[in-house]
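All remarks here apply to the structure that follows.
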Amino acid sequence: MSTAYRSALLSLLLASLPVSAQAADPIEDRQRAPLAGRYTLQGASEGESELLLKPDGRFEWSLRYGPMVQSATGRWNVGADQILLTAQAPAQAKPLFSLDEVAPWNAGAQKRLDEFASERQQTLSEEACAYLKTYRLGLAQIEFTAASPAADPAHRSAAAASLAPALAVLERSRLALETAAAAVKPTPWGQPPLGNMEAAAAAAQAAAAGADPDGQAAADRAVRSYLQQREQLAALHAAAGRSLPALPDPRLGRERCLDPAAKADPSGGYAVVVGDPQRGARAEGIGVEFVYSDGRSERTQTSPGGWALAVRRAGVRLERAVLQAPDRPSETVALDESRGRIFAIRLDSAAAMPAPFEQLILHQDDGALVSPQLRGRYVRH
């Protein structure tokens, strides 16, 4: 369940509730009696809300919006014409996730996995050999910005004469790139990859120090040089009024970059499907970490349909999933693949909701209770 979805629920009725306020003076039970009773919210078109003020100073508050329900209990006090509700924190947070059921692997899950596995292989390869990502993004940028304006007759001959030398330069650049790629030592699987800025800074620092033990920086420079030559060649062909010929792709050693331990077993995979059966809804954006028996793990997020996928790996088993909802501590659910490899995880949506408020001030208005932060009026039955 996304943070935006949760926060939007209360904003339909409550806007910017105060997290603190001056406490009202306590009064005796007999002084509470005139205000005690059950109130319902009127004048608000979205949702339903009830407030029960008990004579002993306790209150019960609830908000229902469609299938979603929020509630709070605590103490209430009165001072002047104000009523202060102070919510009581739950004694112990309820778990959000629990294993609901297990199903065998099927064709539908395999279809989802095929697409996921291809993206995973690309990601892991680029994490191990960062120059692959530089090449992919740079080539896409060249293709996106490529233009073929009408050739200027005055420069067409000169551009045409430059094509053969430019092709030779590109060929030398391609061979240099292949040599640099073959010398790269891939980053071991499981080592956190650097971000784009960190990677650039690390490469610059290594170059300044003359250090490049794994060859990654040299390969990255070779990629950038090749892409620059390729872009210039495309511009020359456009200026000469000619189409760019088919160019051989450089051999980048992509197959070397995927750690053998990371390779997917062809016999299927695992799926975690997160949702709330009571609401009939799936949960998007839940972090899922699949933990294997060899101690390695892979992280992903649930899709809009609530699915998170992981591959099988030779010689290891899936042991558990660590699930992370926004703004909540992570929770671990043990998984037994001998029962099946599609795991339906139940999400307790009510427990996932943030506390509706810590304190809420209401003012008395002709027998009703109102607040500047509240749409509508609480009217007593």
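Plus 328 on top of the position in the sequence shown (first one is 1) and you've got my numbering. For glycine and all other residues, C-beta sits at the position ideal for the given N, C-alpha and C. These numbers were taken from a predicted model, which means no experiment stands behind them.
What separation, rounded to the nearest whole angstrom, lies between the Cα atoms of residue i and residue j?
i	j	result
Ala-481	Leu-491	A small fix is needed here, since residue 481 is Pro in this sequence, not Ala. So the alpha carbons of these two residues sit roughly 16 Å apart.
Ser-571	Arg-582	29 Å
Ala-711	Leu-586	For residue 711 there is no data in the structure shown, the boundaries of the chain being 329 and 709.
Ser-390	Val-397	7 Å
Gly-361	Asp-384	Position check: residue 361 holds Ala in this sequence, whereas Gly was assumed. When rounded, the distance between both Cα atoms is 9 Å.
Val-644	Thr-451	21 Å
Arg-703	Arg-627	42 Å
Val-707	Tyr-598	53 Å
Leu-688	Asp-542	60 Å
Ala-364	Gly-623	58 Å
Gln-629	Ala-611	10 Å
Asp-540	Val-619	33 Å
Which residues share a DSSP beta bridge with residue i?
i	result
His-565	Note: His-565 sits in no beta bridge, so no partner.
His-691	Gln-410 and Val-698
Asp-664	None, per the DSSP bridge assignment.
Val-707	Thr-368
Ala-415	Gly-402
Ala-431	Ile-670
Gly-597	Val-639
Classify residue i as helix, strand or coil using the three-state DSSP reduction.
i	result
Gln-629	strand
Arg-674	strand
Ala-351	With a pLDDT of only 44 at Ala-351, under the threshold of 50, the placement of this residue in the model should not be trusted; the figure read from the coordinates follows. Residue state, collapsed to three classes: coil.
Gln-606	coil
Ser-426	strand
Ala-494	helix
Leu-555	helix
Glu-447	helix
Ser-373	coil
Leu-505	helix
Glu-647	strand
Glu-686	coil
In or out: residue i buried (at least 16 other Cβ within 10 Å) or exposed?
i	result
Lys-461	buried
Phe-472	exposed
Ala-653	buried
Pro-684	buried
Arg-579	exposed
Ala-468	exposed
Under the criterion of a Cβ to heavy atom distance below 8 Å, does residue i qualify as lining the ligand ATP?
i	result
Gly-597	In terms of ligand content, the structure shown is empty, and the ligand ATP therefore cannot be addressed.
>> Contact between the stretch 631-649 and the stretch 601-608 is defined here as three or more beta-carbon pairs at a separation below 8 Å; is this criterion met?
In response: yes
> Would you call the stretch 549-565 and the stretch 499-512 in contact, with 3 or more CB pairs under 8 Å?
Replying inline: yes
> Is there contact between the stretch 440-447 and the stretch 691-704, where contact requires at least three CB pairs shorter than 8 Å?
Replying inline: no
> Is the number of C-beta pairs between the stretch 405-413 and the stretch 655-675 that are closer than 8 Å three or more?
Replying inline: no
> With contact counted as at least three CB pairs below 8 Å, one residue from each stretch, are the stretch 425-434 and the stretch 656-671 in contact?
Replying inline: yes
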